[in-house]
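In the working numbering, the protein residues as written are 2 to 314.
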């Protein structure tokens, strides 16, 4: 058994703590972040719980060897997962490669991640079926009331109660893996009255995803709106509508928030005493330093100079 946990006010530290998941976090709401993460690895199964107290966006590109599922706990704020608005009592099916979620207020969710070979083999053995094509697409799947109660309860119980004595027994580990697998397969098999057939996403949403994927690795290129439209392969108006529908903010506001987050992460990680706030701000395209400092404090609750000073102590 392997267990880890982290409490932090630094979303970049949270991403680094989960390096194999290729995660990117962007704070979108004002205030000081309080994030908590707890994980347990049990044989072929990896389970974890993550909470963040402020509206943010998360994107991830997990390795192909992982098959992830999740459940957002009811006290969380509204969210949008891969273009789908919040559905009460739904399973997060994050099996389609890259996925993203944006949320307001806060989020608290649990997740179970299988090794792909284990999941594929047992899926076929237990259902007698080949994998459903809809598993190739990350989406929200409505589930029945009893599953919506049992699924998170069992995972939370394992996170809080599994101990070294249990994990010393291969038989018990195998039993726990089978229990979570059974819950997951029941959730995938059950059909809710509110379930709909997945349809192809609108062109504007596909465009938004292209832009988000580009910005994860090229935000430092400081692209303008024209460049974003070219990447999205849609008009500025369509991109505006798409971003508001997908993330709740315009592309310009998202890009500015993303750049503020990048500055924040650099200042938090600062070790070189010759580093200055102005140099980092200019690197990320903030030319009006007074306005930048004001926007930084509005989003993170402190001045950039205070962040840098605390990092260099």
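Positions of the beta carbon are idealized from the N, C-alpha and C atoms, including for glycine.
Residue 271: which of 283, 306, 289 and 301 sits nearest, CA to CA?
306
With a threshold of 16 other CB atoms inside 10 Å of the CB of residue 66, please say whether the residue is buried or exposed.
exposed
Okay, do the segment 259-270 and the segment 233-245 touch, 3+ Cβ pairs below 8 Å being the bar?
no
For residue 143, name the three-state secondary structure that DSSP assigns.
strand
In the DSSP assignment, find the alpha helix (DSSP H) that holds residue 46 and state where it starts and stops.
Premise fails: residue 46 lies in the beta strand (DSSP E), 46-53, not in any alpha helix (DSSP H).
Beta strand (DSSP E) containing residue 303: first to last residue?
Run containing residue 303: none; DSSP gives neither H nor E here.
Identify, in the order they occur along the chain, each residue of the same chain with its Cβ nearer than 6 Å to the Cβ of residue 221, setting aside the five sequence neighbours on each side.
Around residue 221: no qualifying Cβ.
Could you give the distance in angstroms between the alpha-carbon of residue 301 and the alpha-carbon of residue 267?
14 Å
Pick helix, strand or coil for residue 3, following the three-state DSSP scheme.
DSSP places residue 3 within a strand segment (E or B) once states are collapsed to three.
With H, G and I counted as helix, E and B as strand and the rest as coil, what does DSSP make of residue 27?
strand
List the endpoints of the continuous alpha helix (DSSP H) containing residue 128.
117-128
Could you tell me how far apart the beta carbons of residue 58 and residue 101 are, in whole angstroms, since I believe they sit closer than 8 Å?
With a Cβ gap of about 7 Å, residue 58 and residue 101 count as contacting.
Can you tell me which of the three DSSP states residue 187 falls into?
helix
Could you give the distance in angstroms between the alpha-carbon of residue 146 and the alpha-carbon of residue 20?
Their Cα atoms are separated by approximately 34 Å.
Quick check on residue 3: buried or exposed, where buried means 16 or more other Cβ atoms within 10 Å of its Cβ?
exposed
Our contact map puts residue 92 next to residue 179 with C-beta atoms below 8 Å; I'd like the distance itself, whole angstroms only.
18 Å between Cβ atoms; not a contact.
Who are the Cβ neighbours of residue 299 in its own chain at under 8 Å, not counting the five residues just before and after it?
Once the five neighbours on either side are set aside, the close Cβ partners of residue 299 are 31.
Report the CB separation of residue 48 from residue 160 in whole angstroms; it is logged as a contact under 8 Å.
The distance from the Cβ of residue 48 to that of residue 160 is about 6 Å, consistent with a contact at the 8 Å cut-off.
Could you tell me whether the Cβ atoms of residue 182 and residue 123 are closer together than 9 Å?
yes
Locate the alpha helix (DSSP H) running through residue 206, then write down its first and last residues.
Taken as a continuous stretch (DSSP letters only), the alpha helix (DSSP H) holding residue 206 covers 204-219.
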